[in-house]
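Undergrad:
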Amino acid sequence: NSKVIQTPRYLVKGQGQKAKMRCIPEKGHPVVFWYQQNKNNEFKFLINFQNQEVLQQIDMTEKRFSAECPSNSPCSLEIQSSEAGDSALYLCASSLGKNTEVFFGKGTRLTVV
Amino acid sequence: GQQVKQSSPSLTVQEGGISILNCDYENDMFDYFAWYKKYPDNSPTLLISVRSNVDKREDGRLTVFLNKSGKHFSLHITASQPEDTAVYLCAAGQQGTGSKLSFGKGAKLTVSP
């Protein structure tokens, strides 16, 4: 069973609203990833962190998405102004960072109406 | 663009047969290759992985074959069983702390009794 905890499991927002989802990585994992699985089943990498620092992020994340992984608090991914095209399954994953094996949470399914 | 591609979105195999799932990648720098399994409404879990210093790895009924010159890797499942029915995602990336994985879209394997 996955030890990466994501909340909420389901999220419904109107266009233009903020959408925020949270992730508690597996204990002891310093590296956290966010992926978006869209309706075409494409896994799109969004952003990753090592401890509290951003390692990599894509352009989309830089503009409308904000993410953070504060110490002693859950990581979060927030969409500032939701658009219909943001409707997707958002998966958080964590790893030890020594290799690229990652462990996924169950995801937050966002629906923007 | 899609850095990792699974050209066949679905595959049906008779129970007891061999399931073969294929994956192509674009980035010459990738040196880590993995297969994840995903049941409906559940998170992907790592099945088997291989690093670029080998061209084959076996684990029980699973074998990963890596063809670096062809930028291709595959998963073979022998003695396929109905419980193998799931979506299989291939992933590739570069070793190194925090390096992101690029995923294929997934392929639905159905093992019929």
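Chains A and B, in that order, give the protein sequences. For the first sequence, position 86 (counting from the first letter as 1) is numbered 86 according to this note's numbering, and the numbering increases by one without interruption. For the second sequence, position 90 (counting from the first letter as 1) is numbered 203 according to this note's numbering, and the numbering increases by one without interruption. Every residue, glycine too, gets a C-beta built ideally from N, C-alpha and C.
Listing by chain order, which chain A residues have their CB less than 7 Å from the CB of B/K213?
TA: F33, F45, N48 and Q56
Undergrad: Would you call the CB atoms of B/P157 and B/L202 closer than 8 Å?
TA: yes
Undergrad: Any heavy atom of the ligand GTP closer than 7 Å to the CB of B/G173?
TA: Absence of the ligand GTP from the depicted structure is noted, as is the absence of any ligand whatsoever, leaving it without description.
Undergrad: Among A/Y90, A/K106, A/V102 and A/V112, which residue has its Cα nearest to the Cα of A/E42?
TA: A/Y90
Undergrad: Please report the distance separating the alpha-carbon of B/T223 from that of B/V177.
TA: 19 Å
Undergrad: Can you check DSSP and say which residues form a bridge with A/Q37?
TA: A/F43 and A/L89
Undergrad: Are the beta-carbon atoms belonging to B/P153 and B/P195 less than 8 Å from one another?
TA: Against a cut-off of 8 Å, the Cβ pair of B/P195 and B/P153 comes out as no contact.
Undergrad: My guess is that A/K18 and A/Q57 are in contact by the Cβ rule of under 8 Å, so how many angstroms apart are they, rounded?
TA: Rounded, the Cβ-Cβ distance is 19 Å, inconsistent with contact.
Undergrad: By the three-class DSSP mapping on this structure, what secondary structure does A/E53 have?
TA: strand
Undergrad: Roughly how many whole angstroms lie between the Cα atoms of B/V167 and B/D141?
TA: Going by the C-alpha atoms only, they are around 16 Å apart.
Undergrad: If we cut at 8 Å on Cβ distances, does A/G105 have a partner in chain B?
TA: yes
Undergrad: From this set, B/K181, B/Y149 and B/H185, which residue's C-alpha is nearest B/L175's C-alpha?
TA: Looking at the Cα atoms, B/Y149 is the closest of the given residues.
Undergrad: Looking only at DSSP bridge pairs, what is A/L11 linked to?
TA: A/L110
Undergrad: Shortest alpha-carbon distance to A/I47 belongs to which of A/G85, A/G28 and A/S76?
TA: A/S76
Undergrad: Which first and last residues belong to the beta strand (DSSP E) in which B/D172 is found?
TA: K169 to D172
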